[in-house]
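Numbering (my numbering), first residue to last: 1 to 465.
Structure first, commentary second.
See the structure below:
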């Protein structure tokens with residue numbers, strides 16, 4: 001249950017104009033308790049952060065005030081919250097079976113893969129945001145449904161560690177323009193992306209619909225451990241005239257991650273603007289340090305369960321391999337010699353992946369669901385009409401083809417046999433972050449023209465606290 005005050009605040013944001021937020025949205029970096037150009041040196045973790053004297057000297061005289069539950073609920077929902085059931089509006093011949101989940105969110109994702117999840121850091125700890133799957137076409141149809149946003153935040157956030165994790169020394173937070181990073185009172189959002197599920201799903205699509213074999217760039221031969229891909233070539237199912245290479249497949253993943261995470265971060269900016277909060281984005285992230293790859297010097301998310309593995313010798317990599325977050329987000333990956341690797345071989349990995357689409361799966365919040373194509377899924381939990389959905393589930397083109405499945409397994413096993421790992425790129429990415437905070441308007445009043453402070457900012461504490 002939410003209070004009447006919380007309901008009133010939710011209504012206020014519900015009625016805000018998107019056009020106004022787009023017109024006013026700015027990075028606003030100076031929060032309560034922050035400092036610039038003061039000539040001080042402050043210890044953060046194992047580093048001393050210096051603030052040399054400068055023209056814009058300002059030390060906030062106000063204590064940091066953490067975001068309220070309602071404020072945090074709104075920005076986390078904007079970043080990665082559920083908003084209803086997807087349309088999945090492709091034809092059968094256009095591979096409608098490519099969709100992995102039925103739940104839509106505030107952000108897009110290739111094949112609706114839900115590869116992005118959200119870690120957020122506040123004063124009392126590090127949390128993993130994992131609301132339940134959707135139960136209707138639009139979860140929020142009117143003001144009466146807005147309380148769900150607060151419920152999802154309060155009841156479906158999984159605590160990973162106590163207190164603010166030590167990000168001192170981790171890039172980009174160590175860069176000179178980010179000295180007020182992870183400050184008390186702020187909410188630091190880290191969208192974390194699992195590229196491995198994108199790769200597995202696209203392999204099924206490439207082989208069945210695009211008829212594309214995959215070549216190892218280093219050998220010029222099929223990336224095919226057990227011959228299943230060659231059998232498809234021999235049958236004419238795959239065309240050897242238009243191959244994809246392992247390198248091209250690897251490079252495509254980074255672009256996909258950037259699009260999805262960028263959308264999440266932009267949503268947070270717009271929500272912060274509507275509430276009257278400040279925020280700024282961290283780009284150029286070196287997420288090896290954030291994932292604790294260089295602990296104990298730079299701990300990052302190590303205490304929150306971040307898993308990194310040393311690269312197998314045959315991979316010829318020098319950097320560790322980012323695998324996931326224990327108990328909440330482990331990738332579909334195999335790394336030779338890594339005790340935390342989730343799967344032993346390609347077959348085990350593929351079967352687990354297909355369970356999400358065609359069987360039953362369990363999420364970190366301990367809720368169990370039937371996959372979008374499971375014969376046991378409730379027809380009320382999709383956007384199609386009941387009779388259409390029943391026919392779709394029975395259609396042979398929706399079902400997994402065994403020869404295609406074997407080719408996917410063969411590719412994965414080849415990658416492991418040749419390079420010691422699948423995928424060859426890091427499955428886990430944190431390409432951007434965003435910090436949200438209450439602004440110290442005295443800083444802006446001292447140095448800026450008065451119109452930079454919007455009504456939402458000037459009246460924020462009057463309205464929200």
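A virtual CB, placed ideally from N, CA and C, is assigned to each residue, including glycine.
Here the structure is a predicted model, which means the values were calculated and not measured.
Does the separation of the CB atoms of residue 249 and residue 71 fall below 8 Å?
no
Ignoring anything shorter than 4 residues or poking outside the stretch 186 to 214, list the alpha helix (DSSP H) runs there in chain order.
Entirely contained in the stretch 186 to 214, the alpha helix (DSSP H) runs reaching 4 residues are, in chain order, 195 to 205.
Mind reading off the beta-carbon distance from residue 209 to residue 95? Whole number of angstroms is fine, and I expect it under 8 Å.
Between residue 209 and residue 95 the beta-carbon gap is near 5 Å, inside 8 Å, which marks them as a contact.
The stretch 98 to 107 / the stretch 68 to 88 touching (three or more Cβ pairs under 8 Å)
yes
Does the count of Cβ pairs from the stretch 107 to 119 and the stretch 34 to 54 closer than 8 Å reach three?
no
Sheet register partners of residue 308 (DSSP bridge):
322
Same chain, Cβ closer than 7 Å to residue 253, neighbours up to 5 away in sequence not counted:
195, 198, 199 and 425
Secondary structure at residue 245, three-state DSSP: helix, strand or coil?
strand
So does the stretch 27 to 34 actually touch the stretch 436 to 451, counting three or more Cβ pairs closer than 8 Å?
yes
From this set, 79, 62, 69 and 464, which residue's C-alpha is nearest residue 269's C-alpha?
Here the closest residue by C-alpha is 79.
Between 251, 130, 211 and 217, which lies nearest to residue 234 when the distance is taken from Cα to Cα?
211
Identity of the residues DSSP links to residue 103 by a beta bridge
85
Residue 258 to residue 312, Cα distance in whole Å?
Cα to Cα, residue 258 sits roughly 27 Å from residue 312.
Name, in chain order, the residues that DSSP records as bridge partners for residue 433.
282
Where does residue 59 fall in DSSP's three states?
Note: residue 59 maps to strand in three-state DSSP.
For the pair the stretch 130 to 142 and the stretch 211 to 228, tell me if three or more CB-CB distances fall below 8 Å.
no
CA-CA distance, residue 73 and residue 165?
21 Å
Let's see if you can read the secondary structure: which residues bound the alpha helix (DSSP H) around residue 157?
Element bounds for residue 157: not the alpha helix (DSSP H) but the beta strand (DSSP E), 157 to 162.
With distance defined between alpha-carbon atoms, name the residue in 97, 366, 419 and 119 nearest to residue 395.
When each option's Cα is compared against that of residue 395, the closest is 97.
Contact between the stretch 1 to 10 and the stretch 136 to 147: three or more CB pairs below 8 Å?
Yes: the two stretches touch, three or more of their Cβ pairs being nearer than 8 Å.
Thinking C-alpha only, which one of 50, 91 and 453 is nearest residue 274?
Nearest to residue 274 by C-alpha distance, out of 50, 91 and 453, is 453.
So the candidates are 302, 458, 382 and 161; which of them puts its Cα closest to the Cα of residue 135?
382
The beta strand (DSSP E) with residue 295 in it runs from where to where?
No beta strand (DSSP E) holds residue 295; DSSP gives it neither H nor E.
Provide the residue(s) that pair with residue 35 in DSSP beta bridges, ordered along the chain.
59
Range covered by the alpha helix (DSSP H) that runs through residue 65
That residue, residue 65, is in no alpha helix (DSSP H); it is neither H nor E in DSSP.
Since residue 50 sits in a beta bridge, which residues does DSSP pair it with?
41
If I'm right that residue 2 touches residue 150 with Cβ under 8 Å, what's the distance once you round it to whole angstroms?
5 Å
With DSSP as the reference, identify every bridge partner of residue 360, one or two as the case may be.
370
Give a yes or no on whether the C-beta atoms belonging to residue 188 and residue 121 are separated by under 8 Å.
yes
For residue 125, does the three-state DSSP call read helix, strand or coil?
It is a strand residue.
How many whole angstroms separate the CB atoms of residue 328 and residue 307, which I take to be in contact at a CB cut-off of 8 Å?
With a Cβ gap of about 11 Å, residue 328 and residue 307 do not count as contacting.
Compute the beta-carbon to beta-carbon distance between residue 109 and residue 260, rounded to the nearest angstrom, for a pair I have assumed lies under 8 Å.
6 Å
Pick from 123, 168, 251 and 398 that is closest to residue 162, judged by C-alpha positions
123
Would residue 287 and residue 430 qualify as a contact pair, given that the criterion is a beta-carbon distance under 8 Å?
yes
If we count the other Cβ atoms within 10 Å of its Cβ and call it buried at 16 or more, is residue 432 buried or exposed?
buried
Around the Cβ of residue 229, are there at least 16 other Cβ atoms within 10 angstroms (buried) or fewer (exposed)?
buried
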